[in-house]
Each structure stands twice: as structure tokens, then as C-alpha cells.
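For the record, the sequence lines run as chains P and G. Here the first sequence is numbered in my numbering, starting from -1 and rising by one per residue. Here the second sequence is numbered in my numbering, starting from -1 and rising by one per residue. Each residue gets a CB set at the ideal place from its N, CA and C atoms; glycine is no exception. This report concerns only the one structure given below.
Protein chains: 2
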Amino acid sequence: MRIDYLSSPLSHLLRSRTSRHFIRSATRTATWNRIPRDTSTMTTVNKTAHPFDKTRFDALLNRRFFYAPAFEIYGGVAGLYDYGPPGSSLQANIIAEWRRHFIVEEAMLELDTTIMTPSPVFEASGHVARFADWMVKDTLNGEVLRADHLVKNVLEARLAGDKEARGAVPVPVATDKKKKKQVKTTAVKLEDAVIAEYESILAQLDNYSGPELGQLMRTHSITNPGSGNPVGEPQQFNLMFASSIGPTGQHPGYLRPETAQGHFLNFSRLLEFNNGRVPFASAQIGRSFRNEISPRAGLLRVREFTMAEIEHFVDPLEKTHTRFSEVAHVELVLLDKYTQASGQTTTRRMTVGEAVKQGVIANETLGYFVARIFAFLVRIGIDEKRLRFRQHMANEMAHYAADCWDAEIQNSVGGWTECVGCADRSAYDLSVHSAKTGQPLVVRQALKEPIVEEKAVAEWDKKSLGKTFKGDAAAVSAAVENMDEAALMRLKGELAQGPAKVQAADGCEFTVEPSMLTIERKTLKTSIREFTPNVIEPSFGLGRILYCLLEHSFWSREQDVERGVLSLPAVVAPTKVLIVPLSARAEFDPLVQEVSSRLRKAGVHARVDDSNTSIGKRYARNDELGTPFGITLDFASVQNRTMTLRERDTTDQRIGSFDDVISTVTDLVFGTIDWSEACQRLPAYDGVQAVE
Amino acid sequence: MRIDYLSSPLSHLLRSRTSRHFIRSATRTATWNRIPRDTSTMTTVNKTAHPFDKTRFDALLNRRFFYAPAFEIYGGVAGLYDYGPPGSSLQANIIAEWRRHFIVEEAMLELDTTIMTPSPVFEASGHVARFADWMVKDTLNGEVLRADHLVKNVLEARLAGDKEARGAVPVPVATDKKKKKQVKTTAVKLEDAVIAEYESILAQLDNYSGPELGQLMRTHSITNPGSGNPVGEPQQFNLMFASSIGPTGQHPGYLRPETAQGHFLNFSRLLEFNNGRVPFASAQIGRSFRNEISPRAGLLRVREFTMAEIEHFVDPLEKTHTRFSEVAHVELVLLDKYTQASGQTTTRRMTVGEAVKQGVIANETLGYFVARIFAFLVRIGIDEKRLRFRQHMANEMAHYAADCWDAEIQNSVGGWTECVGCADRSAYDLSVHSAKTGQPLVVRQALKEPIVEEKAVAEWDKKSLGKTFKGDAAAVSAAVENMDEAALMRLKGELAQGPAKVQAADGCEFTVEPSMLTIERKTLKTSIREFTPNVIEPSFGLGRILYCLLEHSFWSREQDVERGVLSLPAVVAPTKVLIVPLSARAEFDPLVQEVSSRLRKAGVHARVDDSNTSIGKRYARNDELGTPFGITLDFASVQNRTMTLRERDTTDQRIGSFDDVISTVTDLVFGTIDWSEACQRLPAYDGVQAVE
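Below you can see the structure in the form of C-alpha cells.
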């Protein structure tokens, strides 16, 4: 599956305004709601006191080393990022939760397959021929631009210029220094018909082919905005990184652009591992690579990224799901293909049960996974108000796919951005690999009652089949093998007239001579049913999810805009508890050791900060790191064995014995109680020692 | 660091005999010893009843899909493997334990950096020039062979032929079909002097350069054993996979052959994250790639593999370790460099404390990590009798390295095989990247007392420095910057005579004109100490460890050699508990659900096997998967709410209430009790229902 940047139906301008407005008016309240505001001893928090500030947000991520451009001291490389300690932990925790939510919960079969892949695999899958973006070259300076992004950026800039000319507040220019190529807006008013045309183009951008994009550039006089030079005709650029395997240079290979092929190639082994039964799912978390043309959207568009993919293999005649009733009530925000094709972006809320019943979502299994994806994203901290599911339009979807829904998460960089894809890929993948290798990738089921029927049967003259088609013989015979009764009888008719054409799974056509193939109706008794399973594929771009999660979690304290906080849920927070001794004095050491060791035994990841700075500053640093709880050890701890417990969002402090605080914070971290329940266990702390 | 195949000082023959003998006489007893054999109700187990059988072992791993050749249905690619469900779980559990043992225990800073790396990074690190193996080409058929492996295989075959001629039992030929290239032995007796010479060559194989290997081939008439043809002169083949980044093809890149560079490039950010203090360690787990010439040793030599690397940054003047006393008593088997250089392989047992005291291991920090590596390997199930630490010999080690020890694990394929390297790399890595980029990669420490001293100071004519050396200016000035007092005064003397040569960190020489550089002694007051930290680097090849662990865990039941068992410790076993209902009948469903859900809540990974086969067969399948415990649900479970608990190695069965069995198995899995303690909690089960 190709996780791709969403070309949203709204202009970039409209989106970024909507986005800012959205952040101002409707912030993350999902986790916050769990803390009732009427508890008299608790502090109230206004997370929306300051509008979202991308510059401050980026500065925080950079300062705390969540991630940074890779090879920065060598000047960096676009689209490659390194995750620092909090970023790696956050990613590891998201992955651990993904494993629990999907793999463990549904007993999926986990795989770990190789990245380096020999060329024939991607020839069969279609990636060598088609895994490409359209690019154009500046005809004078040779700069390479992605064709759809060029159209989008220029038309959006014109729409923005129009708004400005009509007196709207100018959109602030992003201060990210990396965005040198940002298209400048000029305040030029457009005619209403032109605006409507631009908006309609933008709404369907994913639907255009390369030649169509070239036509649009000519019609609307689109040039390279950086140089003002004209651009050439769109050409395809394959996005796979190429290499070669072994010392002789004779074996071309590619870095996988998705983990999926590793699942398909191991299908027979997986089926055997599952005792020959379907449905079952395989799952894999791993690195993939795409040589993007000119990535400039931070973690949203990168050349190397970690994916998590599930391939759920299912009987094509039985796409119901045994656990569908558990999710049927889940309400989702959906943007269907018909709405988009009509140039609209109106979403509607409906339950998964209703969506499948009405045929909006193709089948129960697909609906089940869409609902599970929703639950996962909300659980790790994505704001459900900024999450929607968008259906692929007809031309956007691969010809073999039955239906496809993207989980789109709204953010300030990419607007509504695809972060998870969930597709019904039919039998395509297993069929093409089976045709190419001649290996049957099928399920065989014993029938309760044998079926006796008259059926068209194709018989090849094996010798001339091999002689004529050589390496393609398996593909040609598989194509005939897969024909239904009607197609076979049609082919029989054609062959009676002379040579006939047969199309293989990869789309190539072959000419079959009448002498090579006999088709006859015969009476057959079948006691085994053999079929190629269909595949439902949920595919997660973890870096995109991580970035959106960070954005949804960020806010600044009402009293001081400089004091940023990341309200990450405990389940994914890099560190769960910060242990803060009043000072680095030796008398606190045994207490620090004791608390650390007890938390470690309880399975709670804690860190000690005994650096030489005030407690307030140490907490402020850890608010930026998203650490949900803090424990302060002071002289009272030495004398009375009490300590205080601080909650990150409210900065509320509670006090209790070592035992009480440790058991309370353990329950908080594992989610068995929330902060209001913790407040019922531990009295408020009113000491001055740790006041910030 | 270059994890490399060990060319052991013993011949392959001797090794493989030693190995077989070893397995026969001394099997894994570490975990087994925890189960006292005198408990009257307990079964005794003889794990050494059958000698290790590689064919059966491989068949088990293949049948249960621990791993398999990648792209198998496409004919496979040498050196690329996919891990199936049990292999992935085993690997994930080894990684989780590694995280706990190293990262969490020592609060290391975890990183996740990119694999695709621009060429300048590996030019600076020396990989572009030197990360290569020597290969030779068959002069007639063009086949490519690795030079050192060729020498080794031919000499070992000759030694084996000699043994055979002298009447020793012939070494059984491995039945692995993949090993087509195995060198055939011919029973030819050798002279004693020749035997001694061959053994001496083999003992020092890692010490030879390419030209020396060429000389050895000529001297000893070594030809391609496959074809009998002569081979050409050894040539270097760079082992990095090359690619190019971006659409223009102008930016060459390589897939990293180790994760280490990602740590070094982020050093300044890591130091800042650690509040400017050393020592600290970064850690990373990730995929690396090496385009091996002709890999044919299963998981021991692969083209793509998962590594876990630690870079511990330390003050070069202070290589003590605060926690050294915790490990000083640990006894290790050591093979030092002097012993090897004298052509011997005699190991000696000593404590880490003693080894550091005697200077066998260079310093405390290195010794600390060697001991921690030992503890980790034994904890996950490596047989400590088949584990030793081998020191690198002078020529084998990079010129900048101060000391290097490999953890070698004995196995049937590679003999004693390097699985972990632990090196003191001095300041090399940070220095070369600093020189190449001009970025200071240093620690700055405030001195308690400022130091006033007279010191030689170099001052450049900046203009002519830049003009003359251009891109190399930073490297040249860094080279002078790094000179000590004596070297600077020597350079001053040379410049007084005319142009002088200066050598940069990468070994290149530059000529400096007297007009460009002034060196004078000046009185300086220093209040900041600035230094480049040294790096201690433990580097783990996880696939090799995993393979050795599987081999060390494998045995067959005394009564039936066909019944293989993998005695994996619970901490790494893919599945901890198998839940086996007597049949798939509906009446067991609620019980299966209840037990599954209670174990899941307790954090114990369990799987249900309700397949349509006998309980005995289901247990046998899970013995092969290494599942340590089994719970049987039968009619007594429905009637009395009791169930039985089975231990994998003894096949011992115990009975108890749901509550008792669940709490006991949870304690067993988390290692808080062992089986003998479990036996005291639960009475023996003597029913016939589940007897196998």
C-alpha cells in the first residue's frame, strides 16, 4: 500500500486557517475529561489560553531532542530524521501499544522479513513498473519538482493571494528555515469562476494522471515558482531505492517501500503455522524506504520510516467478522468517495454497523479494522475531533482493490494527512506472486459434501506451452486457471476461430494458439475447495502518527506562554515518573535508590533528575518531555517517609507515605485509576517546598 | 565495529570434533540445575541421551517457521532470512530483555537513527576506504570467493584428510543441501611439519593482509576447490550496499553496516540531553547491512541483520566505573592476544577484577561491560560453558583501538563464533567527524582551580589556510590543534627550516608553508577543560546470538529421538503458556476465555491450541516451539474448576484450582519461583487424561 500525502480537497490556505481556528476553539479534551473540574481541591487548567504556535512547538521538539534532521553536522539530508531519547521512547511505546492492541489481542502471527529485496519480487508486485510519482524538470535550471505538489502549491498560493486581495488577514509565513521553497503569495484578485475551477482541481488532485497534470500546467500557466522558469512534461520517477546484491553486480535489488510483500511471500508457511485455517492475520513492524522527489514536510514525508502493517487473509466468500458486534456501535467521521468526486468535503458521522449495512464500507472485516484503528489512535492520545476516515476515489485506488479507507489526522503542516490506510486488496498480491513463481498460494478446505458438477476444464499441451511462453508459462496458465466458467467458454469460442489473447495477472497479454489449449466441459466431483484468500490490509505510518500526536499534545501554560507542556497519555509517555530529590545531597541518595528500585520492580519506567537546578525548572523540563507524574523527595521524606506526587497538566500536588504514593502512581500509570481517584487517596499538598 | 566471522585458531575439523564431543558430554545445565532432581515426585530428564543432530535441529526450525530463507518462492537469496512467528517473538523478547538489562538498568539514552547514509559520513569514518573483505576470482569461470575463507577451508580440508589417512573416524559430511560448496576432504597424510604450519596459519588467519593471503595461496598451491581452477590476486571488495539519494542521482548513499555512526553524529545533542555530563551511554537497536561476498553459514553470516549497540562516552583520563565493584567477582573464560599470537588457544578462567588488575583487560569500564555482556547472555539462556571472551590481536584491531574483546559462543556451524564485540575505540570516531565537519564534538568542564601555564600556541593566517586547503582546512587546523606541546615545538622547528608536513586524522598529509602558521609559547589561564571523550562500544549481533541460543536449547527426549524440545528460558520463550482444552467443544469455550483473559491481565503471553489433534501431539508441537508451560482444561475443569499445569522439560504435571495454577504459572513466568517451588504449591497430577 502506498501511504501518501493527502492532497486535500480544500486549498492549503483554507486548511491552514481552518486548522488554526480549530486548534483555538477545540483542543484535546479526551484525556482531560477524565479529571473532573469540580473537585474543590484541584486546580483548573486552560489548555487553550494560547493559540497553537508552530515555532514554539518546533523549538521544544528540537531542544528536547524528540527528533532532529539526520546527519545534521554534515548539513543534513532532506527526508531523513533521527529520533533522540524521548522520540525513540515515544515510538517504542506506541509500538508496544500497537502490539498489545492488534497482535496480542487478536493472536496475529508476527513476522520480521528483510528490507533488501531482489528485483523479480517487485516486478511481480507491480512496483518496478508503477511505484512512481510524476515529476517535472525546470527547463532552464534542471530543478526537479513533484508534479502534483507543484500544481497544488501554485493554485493554493493564487487562492491565498485572492483572499488577501479581498482584504482577508494575510496568512503568517511559516518561520521554518528549511522551507526555502515555499511559494510566495501575491495579492491578486481572481474571478469567481476561476476560484471555483481551482477548488475543483484541488479537490480531485489525487485523481489526475501525469499527462493530465501536464495539461493543467499548460492551461493554467504553471511555472516553477522558485525560478519563474517553465517546466517540462511530467515524467515518472520510481520511488524505490535501488542497489545490487552480491559482489558481481548482477543481481539488482530494491529497498522495500512497504513491509507487505514479506507477508505475501511467506503466505504458505503462515497458513501452515495456523494449521491450514483462515481467517488469520500476519503483522510486521519495520523500516521501509521511499526515495521521495523533494521531501519538505518534516516527519510527514520522509525517505525512511517505520511502518506497522497487518495482512488479514480471509475467505473471499466470507468477509464477515466474528467480533464485528463488539465494534458495530463505534461512531466515526466519514468522508466517502461520492462526496469527494462531486468536489465536496462534507463529512458525516455514522456508526460502523450502519456504514457496513448501507454499503458505505464494503464489508464487515474492513469495517472491523477501521473501528479498531480508530480505537488505537484515540487510546494513544490522538484527538478524535481531529481524526476522520476518507474513502479512496475510483481513480485513486488500485484497479484490484475493492475498497480503501484512510485514517486522516489533522495537523498544522499537512492539514488532513493520511496516517493509516485500510484497504481490501482482494486476491491481487497472492495471485501475482503465484503466477510469477508457479507456487500455489491457496487455501484448501475439505468440503462437507463433495460437489458433482459439469464444468469447463482447460488442458494445455504442456510441451508447447513451455516452449512458447518460457518464463511466462506459469503466468499464462494461471491466468486461464483463474477464469470463471463464462470466460473459459468464451475463450473456447475464440480458439475455435483461431489464436486468442489471454491477459496475465500483471496485465501483459499473450497469444495462445488453438493447438496449445483444449477446453471441454466435463463432469467433476470435487471434495476439496481451493481458493486464493483475499487480503484486508491496515497499514500504519508510525512517524506521521507520532508527529500528529505530538502536535495534539502540545499547549502552553496560561500564565506563561514560554512554558510548553506535552500532555502525552501515560501509556505512551517516554518516562512515566520523574523522581526529583530536593538536591544532589548524599542524604537523599538512599531514598532515591529505594523509590527507583520499587518503581522498577512495579514495571514503572522512572528517571531521576538530580541536576543542579531548582525543582520548578526540573519539572518544567519534564513537562516539555511529557512526563505525566513527578515525585519529590525532600527533608520530610528523610524524617517522616512522606513524599509528594505531582500531576503534569494541573501541576496539582498530593502527599502521602512512600507505600501510598508508589501504589497510587503505579495504578495511575497502568490506567486502573485516574487523577480524580488518586486525589481521593492522597490529600492535597500545601507545603511551600516544591511550589513552582 | 566490524562483527566478523571468527577464524578460529583451531582447524575446522578439530573444532567440529571438539564441538560434538562437547555437546555430548556437557550440555546446558544452567537452568536445569534450578530443578533439584531429588524431589521424589519429579521426573528426571536426560537431555544428553542423543547427540546433537544438526539435521533434526534444522528440520525443527524450518517446520516451526523460526526462520526461513527470504524470497524462498523466488528461489531465495543467499544471506537473507525472514523470521516467522516464533523467531520474531524470540527476537522481540531478546530485545526486550536487552533493553531492561542495559538501557533501563543504566539509564542509557536510546536512539533511532536512519539506515540510509550519505557518502561523506562513511568517507570520514573510514568505511568507504577500508570496510572491505579480500576476494579472489576463479581465473577461468569467474566465481568470486572470499580470500581468507578459501585459505581456511582448503587447509582445514587438508588437515581433515590427514586425520582420515591416519585412521581417525571421518567427519560426517553436513547434510544441509545449501552447502554445495563444501570442500571435500581426501585422505592424504601430511608431514608433521606441514600440519604444524597449517595450524599456525589458521591460528593467525585474521592477522593476514590481502597480499599475504595471496602469497599463502601461491606457497600452498591453493586453488578454487569447486572447479580446481587457479584463482587471481586478492582484491578488496567494499561490503557496503550502495544506492543514491534523491531524483538526480547526484548524492551517493550507503546502507549503514553498523548503527554506531548515528550515535557519534548526534553526540552534541546527546551530551546536552545529559546536561553536559560524562560518562553517559547511548544505545540503539536496529537493522544494518553488509553485502557479504558469498554467505553460506545460515544466520551466522547474513547480508541484513539486527544489531544492538551501546556507545559509552567516557573521560579518557577516568576509565574507572562506579559500578565495577558489583561485577569484579564475575568469573570469565578468557583467551588473550599473547596466547593467540603464539599460535595457542589455551583459555584461562579469571575474575573480571583480577583481569583488570593484571592489565589483561585494559580498564574498568571495558571490564564492566564484558561482565555485563556475560550476565546478559547467560540470562537469556546461552550455555556459559560454551561462552568465552577472546581478545583481538594487534593486527586484527583497528590502529586507534585501545583494546577489544569478543564474546564468542560455540556452535556446530561456526565453532567459536563472535556474537558480541566490546571495544575501547579511544577518541577516533568523534575526532574524524569533528575534523571533517569542523564541528567541535567535545566535553567542556569547568575546572575548580584555573590552570596558569606557559604553552605553545598555534596561530594560522586564516586567509591563506582557507585558500590553500579549501575543504580540508578544518582537518588540517584540527590536526595541529590536537598536537601536544612536544609535537607543536617540533613543527615550529620544522617550519623554521621551510615547508613542513602535517598529517590529518584520516591519515592524509598536507604541506604547510612557514608563512601560514606561527607557533609561539604564551602564558595562558585556563578555567575550562575541553576534551574529546573516549568510546567503549559493546556491539551485539542479535541473529547470531539467537541462532546459538536455539542450538544450545535443543535436545531430544530420551525415549524418542524424534521428539525435539527447545528448552528456552521463560524470559525469552515466544509463548509462555499454552492453553490446551481437551477438545474444541463449546463447553470448554468459557473456560478458555476466562483463563486467556486472566493470563493476559497478569501480563503473561499465552496461546490457545484447540486444534483437532491429541493433547500429546499439541504439547509435542509446543515443546518444539519452546513453550515452557502448558495448562490443560478437561472435564474436571468444568466440574471442579481444577486444571493441570505441565512443565516442558520434565513433562511433569501438577494440578490445582484455577486461582492457584494461574498465580503459580505467573510467578514461574516472571521468575519469582522455580519449578521445585511450584511443585511445593501444587500436588502432582496422576490422572490419565493428559498422559502422553
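When DSSP assignments are scanned along the segment 557 to 637 of chain G, the uninterrupted stretches of beta strand (DSSP E) that are 3 or more residues long and fall wholly within it turn out to be 558 to 564, 575 to 579, 604 to 606, 627 to 631. Across the structure, Pro84(G) and Leu107(P) are spaced so that their CA atoms are roughly 9 angstroms apart. Judged by beta-carbon spacing, Tyr366(P) lies within the 8 angstroms limit of Phe322(P), meaning their Cβ atoms are closer than that value. Per the DSSP secondary-structure output, His310(G) pairs in a beta bridge with Ala279(G), Ile534(G).
Its chain contains Pro512 as the residues whose beta carbon lies nearer than 6 angstroms to that of Leu493(P), once the 5 sequence neighbours on both sides are disregarded; these appear in chain order. Interface residue (Cβ-Cβ distance to chain G less than 8 angstroms): Arg267(P) is classified as such. Going by DSSP, Met481(G) is part of no alpha helix (DSSP H) at all; its letter is neither H nor E. Rounded to the nearest whole angstrom, the C-alpha separation of Val126(G) and Met133(P) is 32 angstroms. Along the segment 112 to 135 of chain G, the positions whose C-beta sits under 8 angstroms from a C-beta of chain P are Thr112, Ile113, Met114, Thr115, Pro116, Pro118, Val119, Met133, read in chain order.
Residues of the segment 312 to 329 of chain G that bring their beta carbon within less than 9 angstroms of a beta carbon in chain P are absent altogether.
Among the CB atoms of chain G, none fall inside 8 angstroms of the CB of Leu463(P). Short of 8 angstroms from the beta carbon of Leu544(G), and not among the five residues preceding or following it, lie these beta carbons of its own chain, in chain order: Gly85, Leu88, Gln89, Ile92, Leu297. Shortest Cα-Cα distance from Phe668(P) to any of Arg377(P), Arg616(P), Ala476(P), Tyr206(P) involves Arg377(P). When Cβ-Cβ separations below 8 angstroms define contact, Leu78(P) makes contact with chain G.
Scanning its chain for C-beta atoms nearer than 8 angstroms, with the 5 sequence neighbours on each side dropped, one finds around Phe271(P) the residues Leu107, in chain order. In this structure, Ala68(G) keeps its C-beta atom at 8 angstroms or more from the C-beta atom of Asp56(G). Residue range 552 to 555 is occupied by the beta strand (DSSP E) that includes Phe552(P). By the 16-neighbour rule on beta-carbons within 10 angstroms, Asp657(P) is exposed.
Under the three-state reduction of DSSP, Arg267(P) is assigned to helix. A contact is defined here as three or more CB-CB pairs under 8 angstroms, and the segment 262 to 278 of chain P fails this definition with respect to the segment 382 to 395 of chain P. Residue-level contact by beta carbon holds for His431(P) and chain G, with a gap shorter than 8 angstroms. When 8 angstroms is used as the limit between beta carbons, His603(G) is near these residues of chain P: Val102, in chain order. Take the alpha-carbon of Asp160(P) and the one of Thr183(P): they are about 9 angstroms apart.
For Leu332(G), the enclosing beta strand (DSSP E) covers residues 329 to 333. As DSSP reads the structure, Ser286(P) sits in a beta bridge with Phe303(P). At a C-beta separation below 7 angstroms, Gln89(P) has these neighbours in chain G: Asp110. Contact between the segment 629 to 646 of chain G and the segment 580 to 595 of chain G is present, with at least three C-beta pairs closer than 8 angstroms. Note: Ala240(P) is bridge-paired with Tyr252(P) in the DSSP secondary-structure output. The Cβ of Ala240(P) sits closer than 8 angstroms to at least one Cβ of chain G. Under the 8 angstroms criterion on CB atoms, Leu522(G) is classed as non-interfacial with respect to chain P. Annotated three-state conformation of Lys52(P) is helix, per DSSP. Between the alpha carbons of Ser242(G) and Val300(P) lies a distance of about 15 angstroms.
DSSP places Val430(G) in no beta strand (DSSP E) but in the uninterrupted alpha helix (DSSP H) bounded by 426 to 435.
In terms of beta-carbon proximity, Ser609(P) lines the interface with chain G, with at least one pair separated by less than 8 angstroms. Within 7 angstroms of the CB of Arg616(G), no CB atom of chain P is found; the nearest one sits about 10 angstroms away. Taking CB atoms only, Pro245(G) has a neighbour in chain P less than 8 angstroms away.
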